[in-house]
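Using our numbering, the letters of the sequence shown map in sequence onto residues 104 to 481. One structure is given here, and the rest of the page talks about it.
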Amino acid sequence: MPVTVFAVGDVFPAIEDGRAAFRELEPLLRSAGIVFGNCEGVYSDRPAKSPSRKHFMGAPRAYGAFLGEIPFHVMTLANNHMIDGGYVGLADTKQLLREQGIEVTGAGEDIEQATTPAVLERDGTTVAFLGFCSVYPVGYEARSDRPGLAPLRVRTHYEDPDPNFWEPGIEPLISTAPFQDDLRRFRAAIASAREQADHVIVACHWGYSSWVEVVQDYELQLARDAVEHGADAVVCHHHHSLRGIELHEGKPIFHGLGALVHHFVDFGSTRESRAKLEQRYGERSAQRPDEFFELFPYRADARRTGIATLELAPGREIAAGFVPAMIMLDGSTEALRPDDPRAEDVAAYIERLNTHAGFETSLARGERDGYLELRVLQ
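Here it is, written out as C-alpha coordinates:
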(Lines of atoms letter the chains of each structure in order from A; the text may use other names.)
(Lines give C-alpha, C1' and ligand atoms only; values in the text may rest on other atoms or scores of the structure.)
Protein backbone atom coordinates (compact mmCIF):
# COMPACT_ATOMS: atom_id res chain seq x y z
CA MET A 104 0.00 0.00 0.00
CA PRO A 105 1.51 3.40 -0.96
CA VAL A 106 2.54 5.81 1.76
CA THR A 107 1.35 9.38 1.26
CA VAL A 108 3.89 12.05 2.14
CA PHE A 109 3.16 15.77 2.00
CA ALA A 110 6.16 18.12 1.89
CA VAL A 111 5.94 21.86 2.43
CA GLY A 112 8.32 24.80 2.53
CA ASP A 113 8.98 27.26 5.34
CA VAL A 114 6.90 26.84 8.49
CA PHE A 115 7.16 29.33 11.34
CA PRO A 116 3.95 30.47 13.02
CA ALA A 117 5.04 33.31 15.28
CA ILE A 118 1.87 34.96 16.55
CA GLU A 119 -0.23 34.26 19.62
CA ASP A 120 -2.98 32.39 17.76
CA GLY A 121 -0.71 30.78 15.18
CA ARG A 122 -2.80 27.64 14.95
CA ALA A 123 -5.59 29.63 13.30
CA ALA A 124 -3.25 30.17 10.36
CA PHE A 125 -3.60 26.45 9.54
CA ARG A 126 -7.40 26.27 9.75
CA GLU A 127 -7.82 25.91 5.96
CA LEU A 128 -4.91 23.47 5.71
CA GLU A 129 -5.53 21.00 8.52
CA PRO A 130 -8.26 18.92 6.81
CA LEU A 131 -5.94 18.22 3.87
CA LEU A 132 -2.76 17.74 5.93
CA ARG A 133 -4.50 15.18 8.12
CA SER A 134 -5.06 12.95 5.10
CA ALA A 135 -1.32 12.28 4.71
CA GLY A 136 0.60 9.49 6.37
CA ILE A 137 3.60 11.80 6.88
CA VAL A 138 3.84 15.60 6.75
CA PHE A 139 7.36 17.03 6.29
CA GLY A 140 8.20 20.72 6.69
CA ASN A 141 11.03 23.14 7.32
CA CYS A 142 10.98 24.71 10.80
CA GLU A 143 12.17 28.16 9.71
CA GLY A 144 12.95 29.67 13.11
CA VAL A 145 13.84 29.16 16.74
CA TYR A 146 11.29 28.41 19.45
CA SER A 147 12.87 29.31 22.78
CA ASP A 148 12.09 31.29 25.92
CA ARG A 149 15.78 31.92 26.56
CA PRO A 150 17.49 32.53 23.20
CA ALA A 151 21.15 33.47 23.25
CA LYS A 152 22.76 35.96 20.91
CA SER A 153 24.44 34.42 17.92
CA PRO A 154 27.42 36.60 16.94
CA SER A 155 27.02 36.08 13.19
CA ARG A 156 23.25 36.06 12.77
CA LYS A 157 21.78 38.37 10.16
CA HIS A 158 18.14 38.64 11.25
CA PHE A 159 16.61 37.03 14.32
CA MET A 160 13.80 34.62 13.51
CA GLY A 161 12.55 33.45 16.87
CA ALA A 162 9.42 33.13 18.99
CA PRO A 163 8.39 31.84 22.43
CA ARG A 164 8.05 28.06 22.78
CA ALA A 165 4.29 28.36 23.22
CA TYR A 166 3.93 29.68 19.66
CA GLY A 167 5.12 26.37 18.21
CA ALA A 168 3.57 24.03 20.76
CA PHE A 169 0.74 22.89 18.46
CA LEU A 170 2.73 21.87 15.37
CA GLY A 171 2.40 18.17 16.18
CA GLU A 172 -1.38 18.55 16.19
CA ILE A 173 -1.55 20.03 12.66
CA PRO A 174 -0.01 17.40 12.20
CA PHE A 175 3.67 17.66 11.32
CA HIS A 176 5.49 14.36 11.73
CA VAL A 177 9.05 15.31 10.73
CA MET A 178 10.82 18.65 10.23
CA THR A 179 14.19 19.70 8.88
CA LEU A 180 16.16 22.21 10.94
CA ALA A 181 18.78 22.84 8.25
CA ASN A 182 18.13 26.50 7.53
CA ASN A 183 19.70 29.93 7.94
CA HIS A 184 17.83 30.78 11.16
CA MET A 185 18.29 27.66 13.27
CA ILE A 186 21.23 29.04 15.28
CA ASP A 187 19.75 32.55 15.59
CA GLY A 188 19.14 31.80 19.27
CA GLY A 189 22.53 30.21 19.79
CA TYR A 190 23.06 26.56 20.62
CA VAL A 191 20.50 26.81 23.42
CA GLY A 192 17.90 27.98 20.89
CA LEU A 193 18.63 24.98 18.71
CA ALA A 194 18.36 22.63 21.69
CA ASP A 195 15.07 24.18 22.82
CA THR A 196 13.58 23.94 19.33
CA LYS A 197 14.54 20.29 18.97
CA GLN A 198 13.14 19.50 22.41
CA LEU A 199 9.85 21.30 21.70
CA LEU A 200 9.31 19.42 18.45
CA ARG A 201 10.27 16.04 19.88
CA GLU A 202 7.95 16.54 22.85
CA GLN A 203 5.14 16.68 20.29
CA GLY A 204 6.26 13.51 18.54
CA ILE A 205 7.89 15.35 15.64
CA GLU A 206 11.12 13.78 14.39
CA VAL A 207 13.91 16.17 13.37
CA THR A 208 16.83 16.09 10.95
CA GLY A 209 19.31 18.55 9.46
CA ALA A 210 20.82 19.88 12.70
CA GLY A 211 22.27 18.34 15.82
CA GLU A 212 24.89 18.24 18.54
CA ASP A 213 27.65 17.57 15.99
CA ILE A 214 28.06 16.97 12.27
CA GLU A 215 27.32 13.26 12.57
CA GLN A 216 23.99 13.89 14.28
CA ALA A 217 23.13 16.75 11.89
CA THR A 218 23.51 14.46 8.87
CA THR A 219 21.66 11.50 10.39
CA PRO A 220 18.28 10.84 8.75
CA ALA A 221 14.98 10.78 10.55
CA VAL A 222 13.39 7.45 9.64
CA LEU A 223 9.62 6.99 9.91
CA GLU A 224 7.59 3.83 9.33
CA ARG A 225 4.06 3.61 7.97
CA ASP A 226 2.31 0.31 7.23
CA GLY A 227 5.60 -1.55 7.00
CA THR A 228 7.23 1.01 4.68
CA THR A 229 10.15 3.10 5.94
CA VAL A 230 10.93 6.62 4.75
CA ALA A 231 14.18 8.46 5.55
CA PHE A 232 14.35 12.26 5.64
CA LEU A 233 17.48 14.40 5.38
CA GLY A 234 18.03 18.16 5.48
CA PHE A 235 20.96 20.22 4.18
CA CYS A 236 21.56 23.97 3.93
CA SER A 237 23.62 26.15 1.57
CA VAL A 238 22.60 29.63 2.79
CA TYR A 239 23.38 30.64 6.36
CA PRO A 240 25.58 32.90 8.53
CA VAL A 241 29.17 31.77 8.90
CA GLY A 242 29.58 29.48 11.90
CA TYR A 243 26.08 27.96 11.87
CA GLU A 244 27.41 24.70 10.43
CA ALA A 245 27.84 21.69 12.70
CA ARG A 246 31.35 20.34 13.18
CA SER A 247 32.87 17.29 14.79
CA ASP A 248 32.90 19.01 18.18
CA ARG A 249 30.07 21.55 18.08
CA PRO A 250 26.35 21.79 17.29
CA GLY A 251 24.87 23.25 14.16
CA LEU A 252 23.19 22.51 10.87
CA ALA A 253 24.10 20.12 8.06
CA PRO A 254 26.08 22.24 5.58
CA LEU A 255 26.22 21.98 1.83
CA ARG A 256 28.41 24.97 1.10
CA VAL A 257 28.92 26.38 -2.38
CA ARG A 258 31.67 28.66 -3.67
CA THR A 259 30.82 31.56 -5.97
CA HIS A 260 33.13 32.48 -8.85
CA TYR A 261 33.07 35.77 -10.76
CA GLU A 262 34.66 35.92 -14.19
CA ASP A 263 35.21 38.54 -16.87
CA PRO A 264 32.77 37.68 -19.66
CA ASP A 265 35.38 38.64 -22.25
CA PRO A 266 38.95 38.32 -20.94
CA ASN A 267 40.24 39.57 -24.29
CA PHE A 268 38.59 42.98 -23.94
CA TRP A 269 39.01 45.65 -21.25
CA GLU A 270 35.55 46.86 -20.25
CA PRO A 271 35.51 47.94 -16.59
CA GLY A 272 32.32 47.74 -14.55
CA ILE A 273 30.32 45.30 -16.68
CA GLU A 274 28.41 42.46 -15.05
CA PRO A 275 30.58 39.38 -14.51
CA LEU A 276 29.78 35.82 -15.36
CA ILE A 277 28.79 34.01 -12.16
CA SER A 278 29.33 30.30 -11.60
CA THR A 279 29.08 28.14 -8.50
CA ALA A 280 30.74 24.95 -7.28
CA PRO A 281 30.10 22.92 -4.11
CA PHE A 282 32.69 22.37 -1.40
CA GLN A 283 33.98 18.89 -2.17
CA ASP A 284 34.03 17.79 1.48
CA ASP A 285 30.40 18.84 1.90
CA LEU A 286 29.43 17.14 -1.36
CA ARG A 287 31.05 13.88 -0.23
CA ARG A 288 29.22 14.11 3.09
CA PHE A 289 25.93 14.87 1.28
CA ARG A 290 26.30 11.80 -0.91
CA ALA A 291 27.36 9.61 2.01
CA ALA A 292 24.33 10.69 4.05
CA ILE A 293 22.00 9.79 1.18
CA ALA A 294 23.73 6.42 0.76
CA SER A 295 23.39 5.72 4.48
CA ALA A 296 19.71 6.69 4.42
CA ARG A 297 19.22 4.44 1.40
CA GLU A 298 20.48 1.50 3.49
CA GLN A 299 18.09 2.32 6.34
CA ALA A 300 14.83 2.92 4.51
CA ASP A 301 12.70 1.98 1.52
CA HIS A 302 12.49 5.60 0.36
CA VAL A 303 14.69 8.69 0.84
CA ILE A 304 13.49 12.30 0.73
CA VAL A 305 16.07 15.10 0.82
CA ALA A 306 15.28 18.70 1.78
CA CYS A 307 17.63 21.46 0.61
CA HIS A 308 17.51 25.00 1.96
CA TRP A 309 19.16 27.19 -0.68
CA GLY A 310 18.68 29.69 -3.51
CA TYR A 311 18.35 33.46 -3.50
CA SER A 312 15.38 34.88 -1.62
CA SER A 313 15.70 38.38 -3.11
CA TRP A 314 14.72 37.06 -6.55
CA VAL A 315 11.61 35.40 -7.90
CA GLU A 316 11.65 32.65 -10.55
CA VAL A 317 15.43 32.11 -10.74
CA VAL A 318 16.89 28.64 -10.09
CA GLN A 319 20.66 28.94 -9.81
CA ASP A 320 23.05 26.48 -11.42
CA TYR A 321 24.17 24.88 -8.15
CA GLU A 322 20.55 24.20 -7.19
CA LEU A 323 20.02 22.27 -10.41
CA GLN A 324 23.33 20.45 -10.12
CA LEU A 325 23.01 19.37 -6.50
CA ALA A 326 19.31 18.45 -6.59
CA ARG A 327 19.95 16.20 -9.58
CA ASP A 328 23.07 14.84 -7.88
CA ALA A 329 20.93 13.84 -4.90
CA VAL A 330 18.65 11.82 -7.17
CA GLU A 331 21.61 10.23 -8.93
CA HIS A 332 22.96 9.11 -5.55
CA GLY A 333 19.76 7.59 -4.21
CA ALA A 334 17.15 10.23 -3.31
CA ASP A 335 13.58 9.43 -4.33
CA ALA A 336 12.49 13.06 -4.09
CA VAL A 337 14.12 16.43 -3.44
CA VAL A 338 12.19 19.32 -1.90
CA CYS A 339 13.71 22.79 -1.71
CA HIS A 340 12.97 26.01 0.16
CA HIS A 341 14.37 29.37 1.35
CA HIS A 342 13.28 31.40 -1.68
CA HIS A 343 10.02 32.58 -0.02
CA SER A 344 8.39 32.07 -3.42
CA LEU A 345 7.71 29.11 -5.68
CA ARG A 346 10.12 27.64 -8.21
CA GLY A 347 9.57 25.08 -10.96
CA ILE A 348 9.08 21.32 -10.70
CA GLU A 349 11.03 18.76 -12.73
CA LEU A 350 11.47 15.02 -12.99
CA HIS A 351 15.05 13.76 -13.07
CA GLU A 352 15.55 10.07 -13.75
CA GLY A 353 11.85 9.74 -12.99
CA LYS A 354 12.18 11.31 -9.51
CA PRO A 355 10.49 14.61 -8.60
CA ILE A 356 12.44 17.72 -7.69
CA PHE A 357 10.42 20.58 -6.25
CA HIS A 358 12.89 23.40 -6.74
CA GLY A 359 11.08 25.82 -4.44
CA LEU A 360 8.03 25.23 -2.25
CA GLY A 361 7.85 28.80 -0.96
CA ALA A 362 6.41 29.47 2.47
CA LEU A 363 3.45 27.58 3.92
CA VAL A 364 2.85 29.54 7.13
CA HIS A 365 5.68 31.93 7.94
CA HIS A 366 5.17 35.00 10.10
CA PHE A 367 7.70 37.83 10.06
CA VAL A 368 7.38 39.62 13.39
CA ASP A 369 9.88 42.32 14.48
CA PHE A 370 12.11 41.14 11.65
CA GLY A 371 14.22 44.30 11.56
CA SER A 372 13.64 45.33 7.96
CA THR A 373 11.67 48.40 6.95
CA ARG A 374 9.60 49.35 3.95
CA GLU A 375 12.39 51.73 2.98
CA SER A 376 15.12 49.07 3.15
CA ARG A 377 12.98 46.68 1.10
CA ALA A 378 12.34 49.42 -1.46
CA LYS A 379 16.10 49.72 -1.97
CA LEU A 380 16.24 46.01 -2.72
CA GLU A 381 13.41 46.36 -5.23
CA GLN A 382 15.32 49.13 -6.96
CA ARG A 383 18.49 47.02 -6.98
CA TYR A 384 16.95 43.86 -8.42
CA GLY A 385 14.30 45.35 -10.69
CA GLU A 386 11.60 43.15 -12.19
CA ARG A 387 12.89 39.92 -10.64
CA SER A 388 13.04 41.42 -7.15
CA ALA A 389 11.05 39.62 -4.46
CA GLN A 390 10.65 43.00 -2.76
CA ARG A 391 7.70 45.20 -3.72
CA PRO A 392 6.79 47.23 -0.64
CA ASP A 393 3.46 48.38 -2.10
CA GLU A 394 2.39 44.71 -2.14
CA PHE A 395 3.51 43.87 1.41
CA PHE A 396 1.27 43.00 4.30
CA GLU A 397 2.22 42.96 7.94
CA LEU A 398 3.18 39.32 8.48
CA PHE A 399 4.74 38.51 5.10
CA PRO A 400 6.91 41.27 3.55
CA TYR A 401 7.21 39.93 0.02
CA ARG A 402 5.62 40.71 -3.33
CA ALA A 403 2.19 39.35 -4.16
CA ASP A 404 3.66 36.58 -6.36
CA ALA A 405 5.18 35.03 -3.22
CA ARG A 406 1.73 34.45 -1.72
CA ARG A 407 1.24 31.64 -4.22
CA THR A 408 2.31 28.46 -2.45
CA GLY A 409 1.26 24.87 -1.99
CA ILE A 410 1.91 21.32 -0.85
CA ALA A 411 4.03 18.71 -2.64
CA THR A 412 2.29 15.33 -2.64
CA LEU A 413 4.27 12.10 -2.88
CA GLU A 414 2.79 8.62 -3.19
CA LEU A 415 5.55 6.16 -2.28
CA ALA A 416 4.93 2.65 -3.56
CA PRO A 417 7.01 -0.52 -3.10
CA GLY A 418 10.05 -0.78 -5.33
CA ARG A 419 10.87 2.94 -5.16
CA GLU A 420 7.95 3.80 -7.41
CA ILE A 421 6.77 7.34 -6.78
CA ALA A 422 3.94 9.55 -8.00
CA ALA A 423 4.20 13.29 -7.42
CA GLY A 424 1.73 16.13 -7.36
CA PHE A 425 1.19 19.63 -6.05
CA VAL A 426 -1.84 21.14 -4.30
CA PRO A 427 -1.98 24.92 -4.86
CA ALA A 428 -2.53 27.20 -1.88
CA MET A 429 -2.58 30.92 -1.16
CA ILE A 430 -1.18 32.97 1.72
CA MET A 431 -3.91 35.24 3.04
CA LEU A 432 -3.66 38.77 4.41
CA ASP A 433 -4.28 37.60 7.98
CA GLY A 434 -1.21 35.33 7.85
CA SER A 435 -3.16 32.13 7.29
CA THR A 436 -2.83 29.87 4.26
CA GLU A 437 -5.67 28.29 2.31
CA ALA A 438 -5.49 25.15 0.16
CA LEU A 439 -7.48 25.79 -3.02
CA ARG A 440 -10.45 23.98 -4.57
CA PRO A 441 -10.68 23.15 -8.29
CA ASP A 442 -13.40 25.73 -8.91
CA ASP A 443 -11.44 28.53 -7.22
CA PRO A 444 -9.86 30.79 -9.89
CA ARG A 445 -6.88 31.30 -7.60
CA ALA A 446 -6.04 27.60 -7.96
CA GLU A 447 -5.68 27.90 -11.72
CA ASP A 448 -3.67 31.11 -11.20
CA VAL A 449 -1.14 29.16 -9.10
CA ALA A 450 -1.10 26.34 -11.64
CA ALA A 451 -0.42 28.75 -14.50
CA TYR A 452 2.32 30.40 -12.45
CA ILE A 453 4.11 27.07 -11.91
CA GLU A 454 3.85 26.31 -15.63
CA ARG A 455 5.45 29.69 -16.29
CA LEU A 456 8.23 28.86 -13.82
CA ASN A 457 8.81 25.53 -15.54
CA THR A 458 9.09 27.25 -18.90
CA HIS A 459 11.46 29.86 -17.46
CA ALA A 460 13.73 27.10 -16.07
CA GLY A 461 13.55 24.95 -19.20
CA PHE A 462 11.82 22.03 -17.46
CA GLU A 463 9.83 19.72 -19.74
CA THR A 464 7.38 18.83 -16.99
CA SER A 465 3.65 18.75 -17.64
CA LEU A 466 1.00 19.25 -14.98
CA ALA A 467 -2.25 17.28 -15.27
CA ARG A 468 -5.23 18.70 -13.40
CA GLY A 469 -6.86 16.37 -10.92
CA GLU A 470 -8.32 16.35 -7.42
CA ARG A 471 -7.19 15.23 -3.98
CA ASP A 472 -9.78 15.21 -1.20
CA GLY A 473 -11.72 17.98 -2.92
CA TYR A 474 -8.68 20.19 -3.62
CA LEU A 475 -6.99 20.82 -6.96
CA GLU A 476 -3.95 18.59 -7.46
CA LEU A 477 -1.44 19.12 -10.25
CA ARG A 478 -0.02 15.71 -11.15
CA VAL A 479 3.59 15.91 -12.23
CA LEU A 480 4.27 14.15 -15.53
CA GLN A 481 7.19 14.00 -17.95
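Note that beta-carbon positions come from the ideal geometry of N, C-alpha and C, so glycine has one too.
Within 10 Å of its beta-carbon, does Asp195 have 16 or more other beta-carbons around it, so buried, or fewer, so exposed?
With 16 or more Cβ atoms within 10 Å of its Cβ, Asp195 is classed as buried.
What does the alpha-carbon distance come out to for the pair Gln481 and Leu350?
7 angstroms
Evaluate the contact criterion for the stretch 181-190 versus the stretch 198-217: three or more CB pairs, one atom per stretch, below 8 angstroms.
yes
What span of residues does the alpha helix (DSSP H) with Glu202 cover, start to end?
Per DSSP, the continuous alpha helix (DSSP H) segment holding Glu202 begins and ends at 189-202.
Does the stretch 260-278 come into contact with the stretch 333-344, if we say contact requires no fewer than three beta-carbon pairs (one atom in each stretch) closer than 8 angstroms?
By the Cβ test, the stretch 260-278 is not in contact with the stretch 333-344, since fewer than three Cβ pairs between them sit closer than 8 angstroms.
Can you name, in chain order, every residue of its own chain whose Cβ lies under 8 angstroms from the Cβ of Thr464, other than the five neighbours on each side?
Hits under 8 angstroms: Gly347, Ile348, Glu349, Leu350, Asn457, Val479, Leu480, Gln481.
Cutting at 6 angstroms between CB atoms, please list the residues of its own chain near Gly227, excluding the five before and the five after it.
Contacts found: none.
Relative to the alpha-carbon of Ala117, which residue among Ile137, Asp433, Tyr243 has its alpha-carbon at the smallest distance?
Asp433
What residue range is occupied by the uninterrupted beta strand (DSSP E) comprising Ala125?
The displayed chain sequence assigns Phe, not Ala, to residue 125. Annotation: Phe125 is outside any beta strand (DSSP E) and is labelled neither H nor E by DSSP.
Roughly how many whole angstroms lie between the Cα atoms of Asp248 and Gln216?
Taking the straight line joining both Cα atoms gives about 11 angstroms.
Short of 7 angstroms in beta carbon distance, which residues of its chain neighbour Gly161, apart from the five on each side in sequence? Order them along the chain.
Gly144, Val145, Ser147, Pro150, Asp187, Gly188, Gly192
So who's on the other strand from Asp113, going by DSSP bridges?
Asn141, Ala362
Give me the Cβ distance between Val111 and Ile410, rounded to the nearest whole Å; I'm assuming they're in contact under 8 angstroms.
6 angstroms
In or out: Tyr261 buried (at least 16 other Cβ within 10 Å) or exposed?
Only exposed fits Tyr261, as fewer than 16 other CB atoms lie within 10 angstroms of its CB.
Can you tell me whether Asp448 is buried or exposed, with buried defined as 16 or more other CB within 10 angstroms of its CB?
exposed
When you compare each of Leu439, Tyr452, Ala446 to Arg126 by their alpha carbons, which one comes out closest?
Leu439
Between which residues of its own chain and Phe169 is the CB-CB distance below 6 angstroms, once the five residues before and five after are set aside?
Arg122
Give a yes or no on whether the C-beta atoms belonging to Thr436 and Thr412 are separated by under 8 angstroms.
no
What three-state label does DSSP hand Pro355 in the structure shown?
strand
Per DSSP, which one or two residues make a beta bridge with Thr219?
According to DSSP, which records beta bridges pairwise, Thr219 is partnered with nothing at all.
Just curious, the alpha helix (DSSP H) that Thr458 is in, first and last residue?
444-460
Note down the Cα distance separating Phe139 from Phe175, rounded to an integer number of angstroms.
6 angstroms
Determine the burial state of Ile453: buried for a count of at least 16 other Cβ atoms within 10 Å of its Cβ, exposed for fewer.
buried
For a test of the three-state rule: what should DSSP assign to Glu414, helix, strand or coil?
strand
Would you mind reading off the limits of the alpha helix (DSSP H) that contains Glu298?
283-299
Does the beta-carbon of Pro130 have 16 or more other beta-carbons within 10 angstroms, so that it is buried, or is it exposed?
Result: exposed.
Identify the continuous beta strand (DSSP E) that holds Arg471 and give its terminal residues.
465-471 is the extent of the beta strand (DSSP E) around Arg471.
Please classify Tyr261: does DSSP put it in a helix, a strand, or coil?
strand
For Val241, count neighbouring Cβ atoms within 10 angstroms of its own Cβ and tell me buried if that reaches 16, exposed if not.
exposed
How would you label Ala403, buried or exposed, when you count the other beta carbons within 10 angstroms and need 16 or more for buried?
Ala403 is exposed by the Cβ-count criterion.
Excluding the 5 residues preceding and the 5 following Tyr239 in the sequence, name in chain order all residues of the same chain whose CB lies nearer than 6 angstroms to its CB.
Hits under 6 angstroms: Asn183.
Are the Cβ atoms of Val426 and Arg468 separated by less than 8 angstroms?
no
Assuming contact is defined by CB atoms lying nearer than 8 angstroms, are Leu180 and Leu252 in contact in what I supplied?
Going by C-beta atoms, Leu180 is nearer than 8 angstroms to Leu252.
Per DSSP, which residues does Phe56 bridge with? Please list them.
Nothing about residue 56 can be reported from this structure: the residues present for the chain run from 104 to 481 only.
For a quick check, are the C-beta atoms of Pro441 and Leu477 less than 8 angstroms apart?
no
Based on Cα-Cα distance, which residue from Ala451, Ser344, Leu466 lies nearest to Pro355?
Leu466
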